[in-house]
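Presented below is the structure to which this report refers.
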Amino acid sequence: MKLKKLPKGEAVDAEIEEAAGNDLRQILRSKNFLFDWQFEKKQGLELYKLYLAETGQIVGLMSLADIPEEFRIHLNLIESSKENIGKDKQIDHIPGALIAFACELAFKRGYDGFVSLVPKTKLIDLYKNKYGFEQYGRMLATEGTNSLSLIIKYLEDGR
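If you count by our numbering, then the sequence shown holds residues 1354 to 1512, one letter each, in order.
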């Protein structure tokens, strides 16, 4: 997949894969992430890293819970590295790529792309407007056609 290097928008090759023990140690040492990702792993959640193909630098993380009895994947946490947050970020499309990857997993597992999350209140509009999530009480979700469009935009356009 391709991320966008700012300010010019040049394409940067990136990959997503499940994070392993060595990755967790690297994340802890780097101080580039605020959430406790070891805790997420200990909770039995699936932990995925988004990294730059050329350097191996981890630029994004997410934890997922597979909920097969509800035919959905729940996105528990998502985080971009410190230098890739806000208006001065160096690389764009990190959250979009991670969300699209969760959607792709939801299709592969037979859930019709159903991905849910419970966002911070201040992020509700962002998820709805930028990523097309629908609101169901405090929970937001994407599925079907919208999930497919996220996969095309953030994963397949750069493949």
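Think of the CB as a built atom: it goes at the ideal place given N, C-alpha and C, for glycine as much as any other residue.
Bridge partners of residue i, per DSSP?
{"i": "K1355", "result": "D1366"}
{"i": "L1377", "result": "None; L1377 has no bridge partner."}
{"i": "L1476", "result": "In DSSP, L1476 forms no bridge with anything."}
Roughly how many whole angstroms lie between the Cα atoms of residue i and residue j?
{"i": "K1514", "j": "S1502", "result": "There is no way to answer for residue 1514, as the model of the chain reaches only from 1354 to 1512."}
{"i": "E1372", "j": "K1402", "result": "First, the amino acid is wrong: residue 1372 is Ala here, not Glu. One C-alpha to the other measures close to 6 Å."}
{"i": "V1471", "j": "I1452", "result": "13 Å"}
{"i": "P1421", "j": "Q1443", "result": "37 Å"}
{"i": "F1392", "j": "L1417", "result": "13 Å"}
{"i": "G1466", "j": "M1415", "result": "17 Å"}
{"i": "V1365", "j": "K1357", "result": "6 Å"}
{"i": "E1487", "j": "T1498", "result": "12 Å"}
{"i": "E1509", "j": "A1367", "result": "12 Å"}
{"i": "E1457", "j": "G1409", "result": "22 Å"}
{"i": "R1512", "j": "I1411", "result": "Unreliable positioning characterises R1512 in this predicted model, as indicated by a pLDDT of 46, which lies under 50. A coordinate reading is not provided."}
Closest to residue i by CA distance: which of the options is it?
{"i": "E1363", "options": "T1408, D1445, D1478", "result": "D1445"}
{"i": "S1500", "options": "Q1488, L1476, R1491, A1455", "result": "A1455"}
{"i": "T1474", "options": "E1393, N1385, G1490, G1439", "result": "G1490"}
{"i": "D1389", "options": "E1370, E1509, L1430", "result": "L1430"}
{"i": "G1439", "options": "I1505, M1492, P1360", "result": "P1360"}
{"i": "G1463", "options": "D1419, M1354, I1411", "result": "D1419"}
Residue range of the alpha helix (DSSP H) that residue i falls in?
{"i": "N1385", "result": "From DSSP, N1385 is part of no alpha helix (DSSP H); its letter is neither H nor E."}
{"i": "T1498", "result": "1497 to 1504"}
{"i": "K1461", "result": "1447 to 1461"}
Assign residue i to one of two classes, buried (16 or more other C-beta atoms within 10 Å of its C-beta) or exposed (fewer than that).
{"i": "R1425", "result": "buried"}
{"i": "E1370", "result": "exposed"}
{"i": "I1504", "result": "buried"}
{"i": "N1437", "result": "buried"}
Can you find a C-beta in chain B that's less than 9 Å from the C-beta of residue i?
{"i": "A1455", "result": "This model lacks chain B altogether; it includes just one protein chain."}
Following the continuous beta strand (DSSP E) through residue i, name the residue where it begins and the one where it ends.
{"i": "N1429", "result": "1425 to 1433"}
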